[in-house]
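Enquirer:
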Amino acid sequence: MDDFGYARRLLLLGAATVATGARAQPVLRVGPGRAIKTLAAAARLARDGAVVQVDAGDYLADVASWTQQDLTLRAVGGRVTMIAAGASAQGKGIFVCAGERMRIEGFDFVGARVPDANGAGIRLEKGSLTLVDCGFRDNESGLLTSNDPNTRLMIENCDFGPIVRGEGQTHNLYVGRIALLKVTGSYFHHGRLGHLLKSRAAVNHIFCNRLTDEIGGEASYELEFPNGGQALVVGNLIQQSSTTQNKVIVSYGAEGFAWPLQELQLVNNTIIDQLPHGGTYLRVAAGQARVRLANNLLAGNPYFAASGDWEQQANHVVDWDAFMLAVRGDWRLRPDSPLRGKAVDGGTASDGTSLRQVRQYVHPHGSAALRGPAADPGAFQAG
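Residues 3 to 385 in my numbering are what the sequence shown spells out, letter by letter.
Have a look at this one:
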């Protein structure tokens, strides 16, 4: 079909257009009361640059594969809930994405199951994907990527969990050997034998998130970088549950270093160990990796086993009473804490990326700007 025929068909289906740059891009409107009733139909109709506006509601067994470039999927009037109900695209998940610069806003992905027990809310095969305000629950894997070395994944203000109990191979977020992962303002919780966040990416920016297994959670690692790479971990609350399946909270390089740059930066995080007999805050495999820890608060296990090769500044092991109200999730330091105002400059990573905490996580998912760089150690500032 030529461009004229495509445009005519969209007009017949009630589509509109929006101006973006030099060209008017089509807007496809999807919903039970629309001419285009399903996401599967929209995936067949949409072309590069389209905006797909989806009416709020539940969409059952409505799975789709997306290969378009510069495509936006946006929930309108509330949340769009994609319920797998036994269906899957390509036998992989609810959505399979393979386009450059794709963006999804306001969608929830629920109940993905496939024969190989690796059903994902989203499978990212290649290209780049940005998720904003999306949720994943009751899937075998929340989101799973391929190992395409040029793929990029950006996640903002999303919710990952609870996950289906598997055999240790299902993770709330599992990122393969891709180029880049950025996660900001997101909540990872209630793992089941797998990890809350596992990434093999070359470059990882994990800024201002909450990775907490919560009561009843059975995650293995809360945060894992099995192949090393650059891992910049700034301003996160990371909490191991008492029912964890692995005593290690953060792991780096456990399956061998695979990237030219090996750098782990842990800056202004609050890391909580709730394992009754004590867990391990951080485990780093032997090898030529730069490891730096600054301004972190560690609570639960009074013993922090650190390697002599690690760079350390202003890290503190504290008790529960150091916080405003830990039992209610208020992890700010108490007003009378001698640690208030004792943070050092977060510095920069080897590539010049700033590691100064300038935002902090806001529950249930999101982040807020600070008035200035963090003054206190830990993920939460007093103001």
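Cβ coordinates follow ideal geometry from the N, Cα and C atoms, glycine included.
Can you give me the C-alpha to C-alpha distance between Gly88 and Gln171, rounded to a whole angstrom?
Expert: Their Cα atoms are separated by approximately 20 Å.
Enquirer: Taking the alpha carbon of Asn206 as the reference point, which residue from Gly310, Ser243, Gly218 and Trp261 has its own alpha carbon closest?
Expert: Nearest of Gly310, Ser243, Gly218 and Trp261 to Asn206, Cα basis: Trp261.
Enquirer: Among the residues of its own chain, which have a CB less than 8 Å from the CB of Ser90, if the five just before and after it don't count?
Expert: Correct list, in chain order: Val65, Ile96, Ala114, Arg115, Val116 and Gly121.
Enquirer: Report yes or no: do three or more beta-carbon pairs, one from the stretch 288 to 301 and one from the stretch 264 to 274, lie closer than 8 Å?
Expert: Output reads yes: the stretch 264 to 274 touches the stretch 288 to 301.
Enquirer: Less than 7 Å separating the beta-carbons of Leu268 and Val235?
Expert: In this structure, Val235 lies closer than 7 Å to Leu268 by Cβ.
Enquirer: Taking DSSP as the reference, what is the three-state secondary structure of Arg330?
Expert: The answer is helix: DSSP assigns Arg330 an H, G or I state.
Enquirer: Just reading off the alpha helix (DSSP H) that Leu47 is part of, what are its end residues?
Expert: Unbroken alpha helix (DSSP H) run through Leu47: Leu41 to Leu47.
Enquirer: What residue ranges within the stretch 286 to 362 form continuous beta strand (DSSP E) runs of no fewer than 3 residues, ordered along the chain?
Expert: For the stretch 286 to 362, whole beta strand (DSSP E) runs of length 3 or above, ordered along the chain, are 292 to 296, 299 to 301, 313 to 315, 318 to 320, 325 to 327 and 332 to 335.
Enquirer: Does the Cβ of Leu327 have 16 or more other Cβ atoms within 10 Å, making it buried, or fewer, making it exposed?
Expert: The residue in question, Leu327, is exposed, as its Cβ has fewer than 16 Cβ neighbours within 10 Å.
Enquirer: Across the stretch 183 to 190 and the stretch 142 to 158, are there enough close Cβ pairs to call them in contact, namely three or more that are closer than 8 Å?
Expert: Contact holds: three or more Cβ-Cβ distances are below 8 Å.
Enquirer: Have a look at the DSSP bridge pairing and note the partners of Thr69.
Expert: For Thr69, which the question treats as bridged, DSSP gives no partner whatsoever.
Enquirer: Compare the C-alpha of Glu224 against each of Tyr61, Gly51, Tyr254 and Ala45 and name the closest.
Expert: When each option's Cα is compared against that of Glu224, the closest is Tyr254.
Enquirer: Can you look up Ser423 in the DSSP assignment and give me helix, strand or coil?
Expert: Here the chain comprises residues numbered 3 to 385, so residue 423 is not present and cannot be evaluated.
Enquirer: Quick one: complete beta strand (DSSP E) runs, 3+ long, within the stretch 126 to 169?
Expert: Whole beta strand (DSSP E) segments, 3+ residues: 130 to 134, 137 to 139, 143 to 147 and 154 to 158.
Enquirer: Within 10 Å of its beta-carbon, does Tyr305 have 16 or more other beta-carbons around it, so buried, or fewer, so exposed?
Expert: Classification for Tyr305: exposed.
Enquirer: Got a sec? Which residues, its chain only, sit under 7 Å from Asp60 by beta carbon, not counting five neighbours each side?
Expert: Counting only Cβ-Cβ distances below 7 Å, and skipping sequence neighbours, we find Thr83 and Ile85.
Enquirer: Mapping DSSP to helix, strand and coil, what is Asp206?
Expert: Looking at the sequence provided, one finds Asn at residue 206 rather than Asp. Note: Asn206 maps to strand in three-state DSSP.
Enquirer: To the nearest angstrom, how far is the alpha carbon of Glu107 from that of Thr74?
Expert: For Glu107 and Thr74, the distance between alpha carbons rounds to 8 Å.
Enquirer: What does the alpha-carbon distance come out to for the pair His318 and Ala233?
Expert: Each residue's alpha carbon lies about 21 Å from the other.
Enquirer: Could you give the first and the last residue of the continuous beta strand (DSSP E) run that contains Ile180?
Expert: That residue, Ile180, is in no beta strand (DSSP E); it is neither H nor E in DSSP.
Enquirer: For His367, count neighbouring C-beta atoms within 10 Å of its own C-beta (all shown protein chains included) and say buried if the count is 16 or more, exposed if not.
Expert: His367 is buried by the Cβ-count criterion.
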